[in-house]
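Residue numbers (the working numbering): 9 to 628. Quick reminder that beta carbons are idealized off the backbone N, C-alpha and C, glycines included. Here the structure is a predicted model, which is why all the values come from computation and not from measurement.
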Amino acid sequence: MDTIRLTMAQALVKHLQAQFTVVDGVEVPLFGGAWAIFGHGNVAGMGEALAQVKDEFTTFRAHNEQGMALAACAYAKQYRRQRIMACTSSIGPGALNMVTAAGMAMANRLPVLFLPGDVFATRTPDPVLQQVEHFNDPTLSVNDCFRPVSRYFDRINRPEQLITSLPVAINTMLDPATCGPATLALPQDVQTMAFDYPASFFAKKVHKLRRNRADVDQLATAVAAIKQAKKPLILLGGGVHYSLALEEATALIEQCHIPACETQAGKGALPWDHEFNLGSVGVTGSSAANAAAQEADLIIAIGTRLQDFTSASRTLFANPDHTLLSINVTSFDAEKHNAVPLIGDAKVTLQELLAEVEGYQTPATWSKKVKALNLDWLTAVDQVTALPKQAIDHNYLPTDANVIGVINRAASTNSTLVQAAGGLPGELHKLWRTSSDLGYHVEYGFSCMGYELAGGLGVKMATPEREVIVMVGDGSYLMLNSEIATSVMLGLKLIIVVLDNRGYACINRLQQACGGESFNNLLQHCHTVEAGAPKTDFAAHAKALGANSEQVSCLADLEQALTRAKASDKTYVIAIDTDPIPSTQEGGAWWDVAVPEVSNREQVVDAERQYKIAKQQQPY
Numbered sequence: 009m010d011t012i013r014l015t016m017a018q019a020l021v022k023h024l025q026a027q028f029t030v031v032d033g034v035e036v037p038l039f040g041g042a043w044a045i046f047g048h049g050n051v052a053g054m055g056e057a058l059a060q061v062k063d064e065f066t067t068f069r070a071h072n073e074q075g076m077a078l079a080a081c082a083y084a085k086q087y088r089r090q091r092i093m094a095c096t097s098s099i100g101p102g103a104l105n106m107v108t109a110a111g112m113a114m115a116n117r118l119p120v121l122f123l124p125g126d127v128f129a130t131r132t133p134d135p136v137l138q139q140v141e142h143f144n145d146p147t148l149s150v151n152d153c154f155r156p157v158s159r160y161f162d163r164i165n166r167p168e169q170l171i172t173s174l175p176v177a178i179n180t181m182l183d184p185a186t187c188g189p190a191t192l193a194l195p196q197d198v199q200t201m202a203f204d205y206p207a208s209f210f211a212k213k214v215h216k217l218r219r220n221r222a223d224v225d226q227l228a229t230a231v232a233a234i235k236q237a238k239k240p241l242i243l244l245g246g247g248v249h250y251s252l253a254l255e256e257a258t259a260l261i262e263q264c265h266i267p268a269c270e271t272q273a274g275k276g277a278l279p280w281d282h283e284f285n286l287g288s289v290g291v292t293g294s295s296a297a298n299a300a301a302q303e304a305d306l307i308i309a310i311g312t313r314l315q316d317f318t319s320a321s322r323t324l325f326a327n328p329d330h331t332l333l334s335i336n337v338t339s340f341d342a343e344k345h346n347a348v349p350l351i352g353d354a355k356v357t358l359q360e361l362l363a364e365v366e367g368y369q370t371p372a373t374w375s376k377k378v379k380a381l382n383l384d385w386l387t388a389v390d391q392v393t394a395l396p397k398q399a400i401d402h403n404y405l406p407t408d409a410n411v412i413g414v415i416n417r418a419a420s421t422n423s424t425l426v427q428a429a430g431g432l433p434g435e436l437h438k439l440w441r442t443s444s445d446l447g448y449h450v451e452y453g454f455s456c457m458g459y460e461l462a463g464g465l466g467v468k469m470a471t472p473e474r475e476v477i478v479m480v481g482d483g484s485y486l487m488l489n490s491e492i493a494t495s496v497m498l499g500l501k502l503i504i505v506v507l508d509n510r511g512y513a514c515i516n517r518l519q520q521a522c523g524g525e526s527f528n529n530l531l532q533h534c535h536t537v538e539a540g541a542p543k544t545d546f547a548a549h550a551k552a553l554g555a556n557s558e559q560v561s562c563l564a565d566l567e568q569a570l571t572r573a574k575a576s577d578k579t580y581v582i583a584i585d586t587d588p589i590p591s592t593q594e595g596g597a598w599w600d601v602a603v604p605e606v607s608n609r610e611q612v613v614d615a616e617r618q619y620k621i622a623k624q625q626q627p628y
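What follows is the structure, given as structure tokens:
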């Protein structure tokens with residue numbers, strides 16, 4: 009048997025280089041490179057291995073391990089899970105910094121290969137720098153924190169273990185039913201150990217998207233349900249994007265005249281102005297979509313995990329005679345909410361459905377009713393996003409909706425909007441209009457504050473030809489902003505708009521909705537020194553990180569600043585002060601947020617009373 013003598017780290021990198029995939033009919037490397045921040049736990053092993061192939065397999069240096077891992081998540085999401093990045097860190101805090109991103113990838117079913125350094129497998133120098141010791145279990149390290157946020161986890165304690173473990177990790181990430189992050193913990197001594205690896209371990213392998221077909225009986229049940237439906241509604245989830253099933257989903261909608269709505273992950277599957285698109289659904293949904301969902305007798309959920317925001321905490325589908333048909337590649341999701349499952353790849357399953365339901369069309373009365381609802385909703389969106397009369401008033405604090413309107417009008421079909429946490433995802437889900445399936449990139453499965461700037465970097469890496477616009481609140485900006493410097497360093501231009509409402513305004517609104525006082529969210533309500541919290545100069549901060557930047561004081565100035573940002577040759581940051589109180593009241597649905605049963609505040613007592621009433625609409 010032909011063998012090649014390499015260190016474990018060298019073998020790992022060489023195997024990654026041998027993996028390929030097919031994107032738009034073109035064969036490309038599966039791995040778009042590696043993110044790395046080196047420390048004593050990976051610099052001698054993984055660092056040397058990556059340095060040897062730096063001209064063929066790019067290593068990107070970030071400023072924060074969480075930031076680089078979030079960028080890898082965004083890269084995979086923007087590539088529709090067809091390409092992956094690896095992330096390596098040292099042991100201890102470097103590894104733990106990546107755990108948040110692993111949780112985000114796990115929640116959103118995104119493939120990222122985590123390669124944290126680990127303590128010595130031989131234990132000879134224990135305890136090493138940054139080692140966390142367990143008195144009763146010497147096998148544990150901080151990397152065990154990756155176990156609950158990894159689809160696959162292994163610790164490579166011998167160099168030959170890589171031969172079996174690494175292919176399984178890659179297959180786990182590429183299987184649509186198990187897709188998510190994989191973690192291989194790499195003891196720093198094992199990284200440097202040599203082994204005679206079989207040459208076949210480095211043979212080129214081309215991966216293709218796996219498409220599991222639906223069970224014949226499940227398909228027949230689904231066809232019968234559709235043909236009997238009088239008021240059907242389609243929920244478009246992220247799986248429509250990941251299965252590359254946009255054409256098939258559109259065909260089902262148009263052929264059968266079934267109105268459709270979109271989850272956060274599914275937004276963009278239909279152009280915003282498609283005649284059957286009712287917009288967003290659920291807690292942050294449009295009034296049209298939510299009204300249709302409450303009345304529908306058949307809800308066809310395609311590629312969605314049906315989280316609480318989508319289902320309004322299981323209260324949205326209110327027709328007592330409704331059927332929930334869930335098309336999903338994994339049974340775990342397909343059988344949620346007591347759904348009728350149709351387990352299979354969205355693209356091929358929809359192709360088979362289309363053939364079987366030929367001739368069926370939704371009753372005209374239902375189509376006419378939901379289209380009228382949608383016209384009312386589109387008018388409402390026009391009103392809240394229109395440029396207000398105070399556009400040139402420097403004393404007017406604009407709402408999030410005002411700013412969204414300005415940016416949306418400045419965007420093009422080649423723009424991608426990036427956002428993640430706080431109140432903006434809800435406003436954007438309702439109000440942002442995109443005609444491109446790549447135009448809306450909002451991470452809301454984990455609602456990860458700090459994702460926006462790093463995520464924008466990953467989006468730009470995946471689609472460098474697109475204009476990437478990042479909207480970020482001051483809270484998320486202050487949590488994680490270091491990758492602005494990385495974007496400048498790598499020449500990956502972002503347009504970043506910072507909405508400064510002086511605190512965590514979204515949670516402040518939720519706090520008040522639950523009867524609580526404004527406490528510890530807005531800076532004015534936090535424990536501070538007598539002078540209060542300082543006003544952050546975001547434009548100056550961004551400039552210090554190497555970006556072009558400016559502060560604007562009104563919406564008209566924002567319009568002009570966006571023109572300058574588009575003309576900039578590097579990342580451009582625009583900061584604008586906004587009002588922390590208003591949010592779009594049109595649309596939306598109930599969300600289950602528990603309220604204290606005992607309180608000395610009358611507002612909490614009243615909120616708890618209303619909460620119990622709402623809970624009565626929620627089945628077990």
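Spatially closest choice to residue i from the options, by CA coordinates
i: Tyr580; options: Ala550, Val606, Asp329, Pro279; result: Ala550
i: Thr586; options: Cys514, Gly453, Ala418; result: Cys514
i: Ile477; options: Glu460, Met487, Arg155; result: Glu460
i: Arg510; options: Glu525, Gly483, Ser526; result: Gly483
i: Trp599; options: Met181, Phe317, Asp281; result: Phe317
i: Thr331; options: Glu283, Ala232, Ala273; result: Ala232
i: Ala110; options: Ala342, Arg131, Val289, Gly75; result: Gly75
i: Ser420; options: Arg474, Cys187, Phe454; result: Arg474
i: Thr357; options: Gln618, Ser288, Pro396, Asn336; result: Asn336
i: Pro146; options: Thr132, Pro156, Arg155, Val157; result: Thr132
i: Pro590; options: Ala521, Gln624, Ala228; result: Ala521
i: Gly458; options: Ala428, Val560, Leu123; result: Ala428
Min CB distance residue i to chain C below 7 Å
i: His142; result: In the structure shown, chain C does not exist; there is a single protein chain.
Cα-Cα separation, residue i to residue j
i: Leu286; j: Gly47; result: 50 Å
i: Phe28; j: Ala564; result: 48 Å
i: Gln626; j: Arg322; result: 6 Å
i: Leu243; j: Lys468; result: 28 Å
i: Asp10; j: Asn50; result: 29 Å
i: Ser208; j: His23; result: 10 Å
i: Ala347; j: Arg159; result: 24 Å
i: Phe546; j: Ala394; result: 26 Å
i: Ala80; j: Asp401; result: 41 Å
i: Gln568; j: Ser557; result: 13 Å
i: Lys344; j: Thr15; result: 45 Å
i: Ile310; j: Ser334; result: 6 Å
i: Phe65; j: Val31; result: 18 Å
i: Ala177; j: Leu121; result: 8 Å
i: Ala113; j: Gln272; result: 15 Å
i: Met497; j: Ala602; result: 45 Å
i: Thr387; j: Ala380; result: 11 Å
i: Thr494; j: Ile164; result: 31 Å
Local Cβ density within 10 Å of residue i, reported as buried at 16 or more and exposed below that
i: Gln196; result: buried
i: Glu491; result: buried
i: Ser294; result: buried
i: Leu137; result: exposed
i: Asn116; result: buried
i: Pro588; result: buried
i: Asp223; result: exposed
i: Glu35; result: exposed
i: Gln18; result: buried
i: Ile308; result: buried
i: Glu283; result: exposed
CB of residue i within 7 Å of CB of residue j, strictly
i: Thr312; j: Ala185; result: no
i: Cys153; j: Val107; result: yes
i: Ala300; j: Val365; result: no
i: Gln86; j: Thr471; result: yes
i: Ala363; j: Ile351; result: no
i: His437; j: Thr292; result: yes
i: Ala462; j: Leu118; result: no
i: Leu314; j: Pro240; result: no
- Message: Three Cβ pairs or more, each shorter than 8 Å: is that satisfied between the segment 255-272 and the segment 117-135?
- Response: no
- Message: Can you confirm whether the segment 92-106 touches the segment 144-161 when touching is taken to mean that 3 or more C-beta pairs between the two stretches lie within less than 8 Å?
- Response: yes
- Message: Using a Cβ distance threshold of 8 Å, determine whether the segment 538-545 contacts the segment 518-527, with at least three qualifying pairs required.
- Response: no
- Item | the segment 399-415 touching the segment 248-257, judged by at least three CB pairs closer than 8 Å | no
- How do the segment 602-618 and the segment 568-576 stand: do at least 3 beta-carbon pairs fall below 8 Å, yes or no? no
- Cβ pair count under 8 Å reaching 3, the segment 268-278 against the segment 442-459: yes
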